[in-house]
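Enquirer: Sharing a structure below in structure tokens format, with a few things to ask.
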Amino acid sequence: MLTTLIFFPLLAAIAVLMSGENAKKIALIAAIIEFGLSVFMTLGFDPAAGTQYFQEFWWVPSLGIHYSVGLDGISLLLVLLTTFLVPIIVLSSFKHNNKNPGLFYALILSMQMALVGVFSAQDGFLFYIFWELALIPIYLICLMWGGNDRIRITLKFFIYTLFGSLLMLAALIWLWMKTPAPHSFDIQALYSLNLSATEQSWIFWAFFLAFAIKMPVFPFHTWQPDTYTDSPTPGTMLLSGIMLKMGVYGVLRWLLPIVPSGVHEWGNTAMILSVISVVYASGIALVQKDFKRLIAYSSIAHVGLISAGVFSLTMQGIQGGVIQMLSHGINVVGLFFIAEIILDRMKTRNLSELGGIRLVAPAFATYFIIILLASVALPLTNGFIGEFLLLNGVFQYSTWMAAVAGLTIILGAVYMLTAYQKISLGVTNHHTEKFVDLSQSEKWVLIPLVVMIFWIGLYPGYFMGLAEPSIKTLRDVIHSSHGISLLSH
Amino acid sequence: MTQLAWLIPVFPLVGFLVISLGNKILPKQFSGVFASLTVLASFILSLAIFLQSPETGETVFVFDWIKSGGLSIPVSFLIDHISLTMLLIVTGVGFLIHVYSIGYMKEDEGYSRFFSYLNLFVFFMLLLVMGSNYIVMFAGWEGVGLCSYLLIGFWFKNTEYNNAANKAFIMNRIGDLGFLLGIILIYVTFGSVSFDDVFSAAKTLPDNQPVITAITLLLFVGAMGKSAQIPLYTWLPDAMAGPTPVSALIHAATMVTAGIYMVVRSNILYSISPFTLEVVSIIGMATALFAATIAMVQTDIKKVLAYSTVSQLGYMFVALGVGAYSTALFHVTTHAFFKALLFLAAGSVIHAMSGEQDVRKMGGLRKKLPITFAVFAIGTMAISGVPPFAGFFSKDEILARAWTQSPVLFFFLAVTSVLTAIYMFRVFFLTFYGTFRGTHDQEHHLHESPPSMTIPLVVLAILSTVGGFLGLPTVFSEHHFFGDFLKSSLSTPGTMLQSEASHTFEWTLIGVSIITLAGIIFWAFNHFVKKHRIPAIQETEFKPVAKLLYNKYYIDEIYQSTFVKPLYSISNFFWKIVDNSIVDGLVNGVSKSVVWAGQTIRLVQTGNVGFYIFAMVFGIIAMLLYNLVF
């Protein structure tokens, strides 16, 4: 069933490619079917039973490469995030008549295949293949439908992330050679390796760079604001909503359990970089004039906190990281959609040219402020659950880091409320007085997001329950096989 | 009955949902009435529970909210005498203010929106006071901050109002960060955030534990933000941008006392941390005096009341600092009565004056607004501490408690008390006595407010008159109703026994305050009414001290240049220099150097076979030599 879930989007992509005019509708239907399938699988999922829907067969026997996929709680949540967001992303672009829609939606769907694949791969090589496969569609989307400066920007993005991936590939091959003959890429084989401290340090850095570029974490982030700003908005949504979670997921699945001594050695550095990301990017977001770029920097700040929580290795830190990955995906897609609506109607995202939109578009303003409040982590919204757990986890690791990272609570409110004021409040100008309120299809994009904001905010127990046993197992793997002491709680 | 307590916050939540989702279908008048009824329902239920008066605290479990490892946070409510007191204030005063708003907001185009926000506020405030753990309290805490933001910027076309709203939210968030870190430290220390677990563990701890000091100080940072204490008070005077009922409900009677409530709730922690208590009383005292001096020269009627709120909150913190928790709550209660009264009466004045708030343009209003005049007089006497109005008893109790702790505290509070009487009677006489100084249009338009506004005023005036008898000093009565009621829910501070002031002292205090107040009233009447000393319109005519006070010690300007501007400069520096030039420059540099290296190495590939062979031979020789030498 999992294999179907992975490759159904690819089949759909081919159908979409050939469908011509009806591309968007077919893409939407396919994405909804995919979502339904993943919900069905979630209903049959037993959180306590470890990796499920496991499938394995030989792919390249001579190299010990399996096609092996399966879901544990963490993977499942990220798969759900992907299948939930893709239909929304498809629907969000309905208003646009992109040139060559067949190709556009086919690329989105094939990206979905790669993303689901990344989150379910149980074999190092397969993981790497899906990881790279995810890059190609998004690269093409940005390149073909991006802004004016797209060629330079996408090239930089492509080379930067490819550089990271190659480091990861090198590390994977090294690990493969360390496995007992006949060698294997199987994740369990990699977990049970006995690596020296030096090897662990090297592999830590190879993995960490690959994942840190993807997230991105300071100072490996400079590709991100340009790419997010210049990409067509569905591309930005894919990048920020789902793709960056590949980085965090990579840390959880492939970095922490494989090189715990490396984490012991260098985790502090990773924490420091993450915490710097939080404050540094929040500060930069404060002085942005382009709303999309502002969201891009705020995303760096949020992901920095997620990364810090995960590297704290505490229960709350990791659990907060997992919940916040979902919340961030939902909120950032919402925010980018808001930015897209503004751009679509006003032909500008420059904050100083906007204002008073709440007067003419009350529904728009209401959805906007709900998503915005979720993104500044107001209690009873999804953002609070994640941020509270993350700060809690970071605090247990280091009081000072939590205090510094906590500044995001203040700075986030500053830049978001300032932006909201400049966009929505005050009086209209000759530009914004013509702002049309939300259309029905736009509402259908925003409603599911708002529902999820409150579901996770009010009753996160369901989602946390799905992931909790897997996180326990993960911490056990780190703890038991390598004797790294973990903080209690 | 107590088990139904979960309904108390649900009523206004339903009100919020119905009004905000149904605003297109429902008639306009409906929202005001419906919103008021939901709060009334909460009040009646609170009253019913209060009358049954459970002896000890009862916890009402609602549902599991967050569970992560050892961390378990249910949404559940604690009903004890502390929360019951707050419940009655919030729903009772809240209801009156809802009713008042029906008349006050009648003409406003955002009528329904106003009531939906007001309901939402009551919901969060109830969450705050009922929560049985710190996270539920924090949820309410941030929620009321949100409503405060929405209501300060209610008239969102005005940029200044929006700035005030942002300022309030952000300043509160500074405090909230402290609060949140305090909560996390509580969790790390006690392994739980529920009041039951934390306080029963804290009871066994000795005094002066550094970690408890840290927790209490962090929580106090949160209280500073919410309850507008130095240095986080500057948002509250600006918050007067909101409609006047908002100033009454949120920025005087209820939300701003959340900080007091939180400290009272955590009294066990504070009692074992004498250092923090000292900090609390010093900050409270400084704020009380500082804000009172500013209020002396303000000419906007709401600004005067706003600074008086800051000052009175300072009083309450002094009470907390000397360990007189029930006294602090007593003052919260009486203050809720008379400050809501004063604000609403001021609203009635502003309503009559067609929006004018400057007392220099008022005067002689007592004839045109007899009810407003009468209730404002009662409010003024209550806040100034004229016996037997409500403020007298609670203030007197704080002064007496401060005296037993430290004469210095007592002295500064007494000075503040004198200042309070002066600035309040100044406003009172300027507004209601003398001759009218506004425009002809305004004079023509002057009218008493409709009953929906005056009835709540009268109720509050009665409460401000008799509310003080809830807590008579020992010289009058053996029973201190308020103190006795709260006793079961409060700890006795270990290091500071709640020593009572002597009867001689009490009598002296009462005598001296009556004489002083009489003197002040006489002087103020003489100065403002008989001699017509109206404050100057032009700032240039002010004396230097008055100018300094009028400009609020330039604190806003100082914050602007020491915090806000540097923050933006640093951010710009991060962006333009560090990010664009250094970090990205390095990245681009690496890629350029790769390109350069590629181009350079390419030159070697000339295609000349002879060169290749030469190079190969040269290389082999070099390798051989290397092996020979090393």
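Chains as they are written, first to last, in my numbering: chain A, 1 to 489; chain B, 490 to 1119. Glycine included, C-beta positions come from ideal geometry on N, C-alpha and C. Keep in mind that this is a model prediction, so the values were computed, not measured.
#1: I'd like the list of long-range same chain contacts for residue 559 of chain B, defined as Cβ closer than 8 Å, with 5 residues on each side in sequence excluded.
#2: Taking 8 Å as the cut-off, decide whether the C-beta atoms of residue 13 of chain A and residue 135 of chain A are in contact.
#3: Can you confirm whether residue 44 of chain A, when its beta carbon is compared against all beta carbons of chain B, has any partner nearer than 8 Å?
#4: Anyone know if the C-beta pair for residue 311 of chain A and residue 254 of chain A falls short of 8 Å?
#5: According to DSSP, residue 123 of chain A sits in a beta bridge with which residue or residues?
#6: Going along the chain, which residues of its own chain have a beta-carbon closer than 8 Å to the beta-carbon of residue 834 of chain B, five neighbours each way excluded?
#7: In terms of residues, what are the limits of the beta strand (DSSP E) holding residue 59 of chain A?
#8: Use the C-beta contact count for residue 492 of chain B: other C-beta atoms within 10 angstroms, 16 or more gives buried, fewer gives exposed.
#9: Sort A:289, A:436, A:429, A:132 by Cα distance to residue 169 of chain A and report the nearest one.
#10: Any Cβ of chain B within less than 8 Å of the Cβ of residue 61 of chain A?
#11: Using the beta-carbon of each residue, which ones in chain A are nearer than 7 Å to residue 1133 of chain B?
#12: Do residue 832 of chain B and residue 730 of chain B have their C-beta atoms closer together than 8 Å?
#13: Is there a C-beta anywhere in chain B that falls below 8 Å from the one on residue 358 of chain A?
#14: Within its chain, find whatever has a CB closer than 8 Å to the CB of residue 458 of chain A; leave out the 5 residues flanking it on each side and keep chain order.
#15: Rounding to the nearest angstrom, what Cα-Cα distance links residue 971 of chain B and residue 632 of chain B in this structure?
#16: Is there at least one Cβ from chain A nearer than 8 Å to residue 662 of chain B's Cβ?
#17: Do residue 160 of chain A and residue 223 of chain A have their C-beta atoms closer together than 8 Å?
#18: Going straight from the alpha carbon of residue 512 of chain B to that of residue 588 of chain B, what length do you get?
#19: Which residue comes first and which comes last in the alpha helix (DSSP H) that contains residue 1043 of chain B?
#20: Does the beta-carbon of residue 1049 of chain B have 16 or more other beta-carbons within 10 angstroms, so that it is buried, or is it exposed?
#21: Judging by CA-CA distance, which residue of A:283, A:471, A:406 is the nearest neighbour of residue 322 of chain A?
#22: Whole-angstrom Cβ separation of residue 5 of chain A and residue 116 of chain A, contact assumed at under 8 Å?
#23: Find the residues of chain A that neighbour residue 885 of chain B, judging by a C-beta separation of less than 7 Å, and give them in chain order.
#24: In terms of residues, what are the limits of the alpha helix (DSSP H) holding residue 77 of chain A?
#25: How about residue 522 of chain A and residue 291 of chain A: are their beta carbons less than 8 Å apart?
#26: What residue range does the beta strand (DSSP E) around residue 563 of chain B cover?
#27: First and last residue of the alpha helix (DSSP H) that includes residue 451 of chain B?
#28: Find the nearest neighbour of residue 752 of chain B within the set B:722, B:815, B:790, judged by alpha-carbon distance.
#29: So is residue 1076 of chain B in contact with chain A if we call contact Cβ pairs under 8 Å?
#30: Do the region 139-158 of chain A and the region 211-229 of chain A make contact, defined as three or more Cβ pairs closer than 8 Å?
#31: Near residue 793 of chain B, which residues of its chain fall below 7 Å by C-beta distance, leaving aside the five closest residues on each side in sequence?
#32: Here's a check: name, in chain order, each residue in its chain whose Cβ is nearer than 6 Å to the Cβ of residue 962 of chain B, leaving out the five neighbours to either side.
#33: Taking the C-alpha atoms as reference points, what is the distance between residue 448 of chain A and residue 382 of chain A?
#34: Along the chain, where does the alpha helix (DSSP H) that runs through residue 554 of chain B open and close?
#35: Note down the Cα distance separating residue 1063 of chain B from residue 286 of chain A, rounded to an integer number of angstroms.
#36: Listing by chain order, which chain B residues have their CB less than 7 Å from the CB of residue 469 of chain A?
Expert: The short version:
#1: Hits under 8 Å: 680.
#2: Their beta carbons are not under 8 Å apart, which means residue 13 of chain A does not touch residue 135 of chain A by this criterion.
#3: So no, residue 44 of chain A is outside the interface.
#4: Taking a C-beta distance under 8 Å as the contact criterion, residue 311 of chain A and residue 254 of chain A do not qualify as a contact pair.
#5: Paired residue(s): A:186.
#6: Same-chain partners within the cutoff: 861, 864, 865, 868, 946.
#7: Start and end: 52-60.
#8: Residue 492 of chain B is exposed by the Cβ-count criterion.
#9: The closest CA to that of residue 169 of chain A, considering only A:289, A:436, A:429, A:132, is found on A:132.
#10: Under the Cβ criterion of 8 Å, residue 61 of chain A is not counted among the residues facing chain B.
#11: In the structure as shown, chain B begins at 490 and stops at 1119. Residue 1133 of chain B is therefore absent and cannot be evaluated.
#12: Taking 8 Å as the Cβ cut-off, residue 832 of chain B and residue 730 of chain B do not qualify as a contacting pair.
#13: Yes, residue 358 of chain A counts as interfacial toward chain B.
#14: Within the same chain, residue 458 of chain A has close Cβ partners 380.
#15: Annotation: residue 971 of chain B to residue 632 of chain B spans about 29 Å, alpha carbon to alpha carbon.
#16: Residue 662 of chain B counts as touching chain A.
#17: Using a Cβ distance threshold of 8 Å, residue 160 of chain A and residue 223 of chain A count as a contacting pair.
#18: If I take the Cα positions, the gap works out to 19 Å.
#19: Premise fails: residue 1043 of chain B is in no alpha helix (DSSP H) and is neither H nor E.
#20: Exposure of residue 1049 of chain B is indicated by the presence of fewer than 16 other C-beta atoms within 10 angstroms of its C-beta.
#21: Nearest to residue 322 of chain A by alpha-carbon distance, out of A:283, A:471, A:406, is A:471.
#22: Going by Cβ atoms, the distance from residue 5 of chain A to residue 116 of chain A rounds to 6 Å, so yes, they are a contact pair.
#23: Residues of chain A passing the Cβ test: none, with the nearest at roughly 39 Å.
#24: Run containing residue 77 of chain A: 73-92, per the alpha helix (DSSP H) assignment.
#25: The requested residue 522 of chain A does not occur in the structure, where chain A is confined to residues 1 to 489.
#26: Start and end: 560-568.
#27: Limits of chain B in this structure are 490 at one end and 1119 at the other, which puts residue 451 of chain B out of reach.
#28: Here the closest residue by C-alpha is B:815.
#29: For residue 1076 of chain B, the answer is yes, since a Cβ of chain A falls inside 8 Å of its Cβ.
#30: At 8 Å Cβ cutoff, the stretches touch.
#31: Scanning its chain for C-beta atoms nearer than 7 Å, with the 5 sequence neighbours on each side dropped, one finds around residue 793 of chain B the residues 784, 787, 912, 916, in chain order.
#32: For residue 962 of chain B, same chain residues with a beta-carbon under 6 Å away, outside a window of 5 residues either side, are 995 in chain order.
#33: The alpha-carbon separation between residue 448 of chain A and residue 382 of chain A amounts to approximately 13 Å.
#34: Counting along the chain, residue 554 of chain B falls outside any alpha helix (DSSP H), though it belongs to the beta strand (DSSP E) covering 547-557.
#35: Approximately 11 Å, taken between the alpha carbons.
#36: The contacting residues do not exist; residue 469 of chain A stays about 12 Å from chain B at best.
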